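For the record, the sequence lines run as chains S and U.
Just so you know, we're using the numbering used here here: the first sequence kicks off at 165 and counts up by one.
Just so you know, we're using the numbering used here here: the second sequence kicks off at 3 and counts up by one.
Notes follow once the structure below has been shown.
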Amino acid sequence: MTTQTIPVRKFDAVIVGAGGSGLRAAIQLSEAGLKTAVLSKVFPTRSHTVAAQGGVSASLGNSEEDHWHWHMYDTVKGSDWLGDQDAIEYMCRMAPEVVVELEHFGMPFDRTDEGKIYQRPFGGHMSNFGEKPVRRACAAADRTGHAMLHALYQRNVRANTQFFVEWMALDLIRDQTGQVLGVIALEMETGDVVAFHAKATVFACGGAGRIFYSSTNAFINTGDGLGMAARAGIALEDMEFWQFHPTGVAGAGVLITEGVRGEGGILRNSTNERFMERYAPNAKDLASRDVVSRAMVTEINEGRGCGPNKDFVLLDITHLDPATIMKRLPGIREISIQFAGIDPIKAPIPVVPTCHYQMGGVPTNYKGQVVGDDHSPVPGFYAAGEVACASVHGANRLGTNSLLDLLVFGKSSGDTVIADIRAGKIGLQPLPDDFADRTLARLNRLDHQTGGSDVSETRLELQRTMQKHCGVFRFKDMLVEGVAKILDIEKAVAVTQIKDKSKVWNTARVEALELDNLIEVAKATMVSAEARKESRGAHVRDDAPDTPANPNGRDDVNWHKHTLWHRDGNRLSYKPVIMKPLSVETIALKTRSY
Amino acid sequence: MEDREKLNRLRWRCTRRAMLEMDLLLGEFLETIYPTLDPAQANAFVALADREDLELWPLINGSQQCTDPIEAEVVALLRNVRVK
Ligand SMILES: Cc1cc2nc3c(=O)[nH]c(=O)nc-3n(C[C@H](O)[C@H](O)[C@H](O)COP(=O)(O)OP(=O)(O)OC[C@H]3O[C@@H](n4cnc5c(N)ncnc54)[C@H](O)[C@@H]3O)c2cc1C
């Protein structure tokens with residue numbers, strides 16, 4: 165196959181991803197009468213958004229007084245002042261509107277006795293600029309993400325969105341001026357490679373949590389959107405910031421909820437010591453996520469980890485009454501038995517801090533436009549959801565703000581596409597003669613590689629390197645070494661070899677192509693983290709400790725700025741944080757303390 | 003569709019799911035137990051793998067019961083999977 169023989173399909177808009185953000189964008193576009201294609205590696209309601217249980221935030225004030233400005237304050241503070249305040253204001257102001265809209269789409273929210281959306285408390289949600297907790301999270305039992313996807317999907321079916329299911333987008337198409345003209349994609353069922361030529365391309369491809377060995381993310385989160393953007397010359401923003409959860413099952417990554425420690429679970433090291441007493445004498449095992457995670461890593465690094473490789477600690481609930489465990493923590497026993505091979509009534513559960521959420525991504529503004537280094541839009545290119553960095557989460561995300569991000573920026577990206585098309589800013593520009601050459605070369609290389617590297621071994625090596633060198637607690641020498649190691653692994657990724665060369669349902673090929681994306685994300689993360697010589701939010705360095713001059717190790721003089729990682733030359737540049745909100749006063753820099 | 007193609011499609015649908023728990027369980031089941039199933043059980047597994055995670059999870063963790071006896075056999079096998 166050559167670029168000249170690739171079948172081309174034309175659309176007004178092509179959306180890559182059918183999770184919450186992609187489906188929300190698609191509703192805007194299809195309902196406006198635009199011919200819209202949505203590509204997904206899996207059936208839409210199997211997207212990872214399903215895994216979200218906690219809820220979505222909006223200052224509806226249904227249970228007690230609340231205000232979007234307070235929500236904005238909490239989000240800026242949560243972001244450790246790295247979030248852009250225009251985007252944060254926009255998201256928090258829009259929250260009530262998009263949540264009520266979702267209700268009208270058929271989302272079965274839990275309700276109060278008067279029939280309003282029920283709201284529950286959640287970590288970091290406060291009233292009156294950080295004064296006291298407020299109930300702001302809206303949920304549909306413990307299946308919020310699932311219910312949300314179903315409501316959005318049904319609405320899309322009604323609006324005639326065209327779905328391309330079990331298709332994998334491989335690369336962006338750009339012309340000489342830099343305008344984005346669509347994507348090249350692979351249909352798994354046939355092995356066919358097809359160009360989707362569109363006026364607008366929206367990335368909604370989710371996160372890349374699988375770059376870490378221990379991850380709560382499903383296998384699908386391989387950062388394809390980030391890989392495609394990076395290969396097309398778009399810099400990735402703030403990739404050093406990843407949120408970790410302290411208790412994932414060692415090896416498997418499956419999440420053990422905070423509730424286990426709430427019910428009396430205790431963390432222990434190899435000497436059976438309740439080590440949290442040393443790190444947080446008052447809160448002990450219930451200290452905040454980052455304090456607990458760091459303590460766990462310190463124990464492991466100082467040789468007090470458990471197991472043959474001394475690489476995990478133990479979460480002990482054996483002292484609890486089995487009846488309590490069965491009653492209050494029912495799912496946990498099943499999870500521990502199936503994923504750790506341990507009955508927690510009889511023995512403690514092996515746990516490690518586990519990667520959970522990606523704060524960085526493809527740089528966008530609050531309108532959902534992808535932007536270049538100088539904040540100016542890349543014509544024809546839009547993004548929303550976990551793949552995008554608006555940046556509302558900054559250095560750390562507030563719980564429930566991610567589902568909100570999907571709704572707000574899914575919708576705004578759709579609206580901006582419509583406006584840009586109507587204003588004649590974007591149109592169906594001709595495809596360059598060589599538009600698919602690089603993608604075809606990549607596929608061709610894979611088909612003919614001999615004496616190359618194994619895909620799953622190389623992926624494992626990548627994941628272990630990220631976990632060890634760039635995990636929840638970071639060390640200067642480990643980061644420097646990590647950069648060298650990841651560049652070595654890149655060489656192995658460049659020569660991956662697959663045995664199966666068939667066309668139809670060749671999952672080996674797809675996994676090799678996913679690895680091409682994982683490596684871009686891994687490089688961006690490691691290089692950005694090595695360079696940022698401060699601690700901020702989720703990026704915590706041992707050599708940037710808490711001092712009176714730099715509380716929590718944060719160094720605003722030198723590091724209050726966004727990182728941009730450029731694939732070309734493996735190079736970094738920086739851009740200022742937008743401190744000016746849209747209508748209110750700047751929330752000035754302050755030490756973050758809870 | 004050839005057997006290899008069918009198996010690969012099943013592999014994709016077992017290991018690219020919404021929840022990590024399901025990727026791990028169904029992926030492990032596919033490699034270790036699926037090859038030992040009789041044809042009726044194998045069909046039941048393919049149908050189970052086509053369900054959504056939040057329909058399947060309650061069957062596996064026992065909070066809901068299967069109505070079909072062959073499906074119940076397969077779910078019992080799934081419950082016994084231990085992910086390494
Ligand atoms: C266990 C867990 C619990 C969570 N709980 C909460 C919560 O309670 N509240 C909250 O706000 N957030 C929560 N989050 C975070 C939140 O769920 C995610 O950030 C969010 O759902 C991401 O949505 P998305 O639309 O960006 O992408 P996803 O839902 O991940 O969808 C990505 C889509 O892109 C498609 N895709 C990817 N690559 C390609 C490609 N190359 N070609 C074609 N299609 C592609 C996929 O098929 C999929 O359809 C949780 C996350 C996890 C892991």
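Just so it is clear, CB atoms sit at the ideal spot from N, CA and C, and this is done for glycine as well.
Predicted model, so just to flag it, every value in this text is computed and none were measured.
- With contacts defined by Cβ atoms closer than 9 Å, S:T325 and S:I464 do not form a contacting pair.
- In the structure shown, S:R735 falls within a strand segment according to DSSP collapsed to helix, strand and coil.
- Runs of the alpha helix (DSSP H) lying entirely within the segment 447-482 of chain S and spanning at least 4 residues, in chain order: 453-465.
- Collapsing the DSSP output to three states places S:R756 in coil.
- S:I375 is a Cβ neighbour of S:M630, given a cutoff of 9 Å.
- Close to S:R307, with beta-carbon spacing below 9 Å, are these residues of chain U in chain order: L56.
- Secondary structure at S:K725: strand, using DSSP grouped into helix, strand and coil.
- In its chain, beyond the 5 residues on either side, no residue has a beta carbon closer than 7 Å to the beta carbon of U:S65.
- With a cut-off of 8 Å, the C-beta of S:T380 is classified as near ligand 1, since at least one heavy atom of the ligand falls inside that distance.
- S:F545 is bridged by DSSP to S:T365.
- Relative to the Cα of S:Y530, the nearest Cα in the group S:H539, S:Q522, S:M523 belongs to S:H539.
- Judged by beta-carbon spacing, S:S737 lies beyond the 9 Å limit of S:A215, meaning their Cβ atoms are not closer than that value.
- In this model, S:E278 and S:D475 are separated by some 51 Å (Cα to Cα).
- In this structure S:H289 is buried. Its beta-carbon is surrounded by 16 or more other beta-carbon atoms within 10 angstroms.
- Segment contact: the segment 724-737 of chain S against the segment 216-230 of chain S, fewer than three CB-CB distances shorter than 8 Å; contact not assigned.
- Residue pairing by DSSP places S:Q326 opposite S:A201 in a beta bridge.
- Here S:E441 is exposed: its Cβ has fewer than 16 other Cβ atoms, across all protein chains shown, within 10 Å.
- Taking 7 Å as the upper bound on Cβ-Cβ separation, chain S lies near residues E7, N10, R11, R13, W14, T17, R18, R19, A20, M21, L22, E23, D25 of the segment 6-25 of chain U.
- Under the 9 Å criterion on CB atoms, U:E4 is classed as interfacial with respect to chain S.
- DSSP places S:W406 in the strand class (E or B) of the three-state scheme.
- Separation of S:D176 and S:L350 (C-alpha to C-alpha, rounded to the nearest whole angstrom) is 20 Å.
- With a cut-off of 8 Å on Cβ pairs, the segment 426-445 of chain S is not in contact with the segment 543-559 of chain S, counting fewer than three such pairs.
- For chain U, the residues of the segment 481-513 of chain S that bring a beta carbon within less than 9 Å of one of its beta carbons are P494, G495, E498, I499, I501, Q502, F503, A504, G505, in chain order.
- For S:S211, the chain U residues whose Cβ falls inside 7 Å of its Cβ are A20, in order along the chain.
- When DSSP states are grouped into helix, strand and coil, S:C302 belongs to the strand group.
- The shortest C-alpha to C-alpha distance from S:E427 to any of S:V357, S:L479, S:K280, S:Q502 is the one to S:L479.
- Contact with chain S is absent for U:L50, since none of that chain's Cβ atoms lies less than 9 Å from the residue's Cβ.
- Under the three-state reduction of DSSP output, S:P709 falls in the coil class, being neither helix nor strand.
- In this structure, S:F573 sits away from S:S204, with a CB-CB distance that is not shorter than 9 Å.
- Interface criterion not met: the Cβ of S:F408 is under 9 Å from no Cβ in chain U.
- A Cβ-Cβ separation of about 6 Å places S:G558 in contact with S:D244 under the 8 Å criterion.
- If you draw a straight line from the Cα of S:Y282 to the Cα of S:H703, it comes to about 34 Å.
- In the DSSP assignment, S:D579 falls outside any beta strand (DSSP E) and within the unbroken alpha helix (DSSP H) covering 565-586.
- Runs of beta strand (DSSP E) with 3 or more residues, each lying fully within the segment 184-229 of chain S, are found at 200-204, listed in chain order.
- S:V644 sits exposed, since fewer than 16 C-beta atoms from the chains shown fall within 10 Å of its C-beta.
- In this structure, the alpha-carbon of S:T564 lies about 47 Å from that of S:T614.
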